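In this note's numbering, the protein residues as written are 1 to 310.
Note that beta-carbon positions come from the ideal geometry of N, C-alpha and C, so glycine has one too.
All values derive from a computational prediction rather than experimental measurement.
The structure appears right after this line, and notes come after that.
Next up, the structure:
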C-alpha cells in the first residue's frame with residue numbers, strides 16, 4: 001500500500017508539471033479574520049494540529065514571522081505556483097546537505113544506475129555519513145539511496161569521484177545544471193554541502209532545485225523513505241540507512257524532504273507536504289529549529305487558508 005502511495009504521488013507530480021503554468025480552476029481563499037488560532041508545536045513529536053492552553057497563540061502573518069526562527073523561508077502551492085509565505089527569498093545562504101539534491105540530479109544525468117563505483121579511501125576517511133569502506137564496490141543506485149536517505153557525505157564524494165573527469169569536473173557539471181535550472185544565485189563548491197565561501201544558494205533557488213528533484217520518481221521515493229538497506233555488489237556487506245528527516249513518519253502531512261545542517265547554514269529543510277489535498281513545497285533556511293518552523297507554517301496555513309473551486 002505504501003509503494004502504491006509513492007507511485008501515485010509521482011504520477012501526481014508529473015501531471016502537475018504539465019499544467020503548472022496553465023490557468024487552473026482553483027483560487028486561494030485567505031480567511032478574513034485578523035487573528036487565527038494556531039498550534040505552536042514545541043517538538044517534532046508533538047501531536048499535529050492539537051492545540052493546548054499552553055501551545056495556543058493568536059497570530060497575524062506578521063506575528064507568525066516572529067515565531068519562526070528561520071533566516072529565510074518560502075512556501076509555494078505547486079498547482080497554482082502561488083507564494084503562500086516568504087521571507088528573504090533572495091538572500092544567499094549556505095545550503096548544507098540540500099546540496100545533495102543537485103548531486104543526485106547530476107548523477108542521474110551522467111551515470112547509469114547500474115554502474116559500479118569503487119569507493120576510494122579519501123571518500124571514506126575524509127568524510128562521514130554512510131559507513132562505507134575503502135575499496136568497497138556499490139552500484140550508483142545504492143549510493144544514491146545512501147546519499148538521499150542518510151545524507152551520506154562519503155557517498156556524495158564517491159559519486160563525484162566516479163566521473164571520468166574527476167571530482168572537479170563533476171562539480172562543474174553541478175553548476176552547469178544549476179544554470180540550466182535557472183538557479184541564478186546558486187554555486188556549488190563540493191558535492192556534499194560542506195561550508196565554503198562559494199557554496200551558496202537562496203530560498204527561491206532551493207525551491208526550484210527541490211521541485212526538479214521531486215519530479216524524478218526515483219528520487220522522490222528515496223526522499224520519502226524512513227529507512228532502507230543497501231548491499232555491496234558482492235552482497236557480502238550490508239548498510240542500514242536511516243533518514244535524517246525527523247518529520248517523516250511523525251507528521252502525516254510531510255510526504256518527502258531533505259535536511260541540511262552545518263555550522264554556517266544552521267538547520268535547512270525542504271519538504272513536500274500535503275495541505276488539504278494540495279501539494280506544497282516548503283523551504284526553511286538558517287533555522288534554529290527547522291522542524292518546528294515547518295510545522296508552525298503548516299499549522300498557520302491550515303487555520304488561515306483554504307481553496308475554493310469555481
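- Message: Buried or exposed, going by whether 16 or more other CB atoms sit within 10 Å of the CB of residue 63?
- Response: Taking a 10 Å sphere around the C-beta of residue 63, we find fewer than 16 other C-beta atoms and assign the residue as exposed.
- Item | The alpha helix (DSSP H) enclosing residue 166, as first and last residue numbers | Membership of residue 166 in the alpha helix (DSSP H) is indicated by the continuous run 166 to 180.
- Task: Tell me whether residue 198 sits in a helix, a strand or coil according to DSSP, three-state version.
- Result: Correct three-state label for residue 198: coil.
- By how many angstroms is the C-alpha of residue 113 removed from the C-alpha of residue 253? Going by the C-alpha atoms only, they are around 30 Å apart.
- Message: Give me the DSSP bridge partner(s) of residue 241.
- Response: Answer is 228, bridged to residue 241.
- Message: Under 8 Å, Cβ to Cβ, is there at least one residue of chain C near residue 101?
- Response: The structure shown has no chain C; it contains just one protein chain.
- Once you ignore the five residues that flank residue 173 on each side, which residues in its own chain have a CB closer than 8 Å to its CB? Same-chain partners within the cutoff: 106, 109, 110 and 163.
- Message: What does the alpha-carbon distance come out to for the pair residue 249 and residue 243?
- Response: Take the alpha-carbon of residue 249 and the one of residue 243: they are about 10 Å apart.
- Message: Please report the distance separating the alpha-carbon of residue 218 from that of residue 288.
- Response: Taking the straight line joining both Cα atoms gives about 30 Å.
- Message: If contact is defined by three or more beta carbon pairs under 8 Å, each pair taking one atom from either stretch, is the region 138 to 147 in contact with the region 195 to 205?
- Response: Cβ pair count under 8 Å is below three, so no.
- Would you kindly work out how many angstroms separate the C-alpha atoms of residue 187 and residue 103, rounded to a whole number? A direct Cα-to-Cα measurement between residue 187 and residue 103 gives close to 12 Å.
- Query: Alpha carbon to alpha carbon, how far is residue 300 from residue 306?
  - Reply: Residue 300 and residue 306: Cα-Cα distance of roughly 11 Å.
- Message: Comparing C-alpha positions only, which one of 167, 270 and 260 sits nearest to residue 122?
- Response: Of the candidates 167, 270 and 260, the residue whose Cα lies closest to the Cα of residue 122 is 167.
- Can you give me the start and stop residues for the alpha helix (DSSP H) that residue 125 sits inside? Taken as a continuous stretch (DSSP letters only), the alpha helix (DSSP H) holding residue 125 covers 121 to 125.
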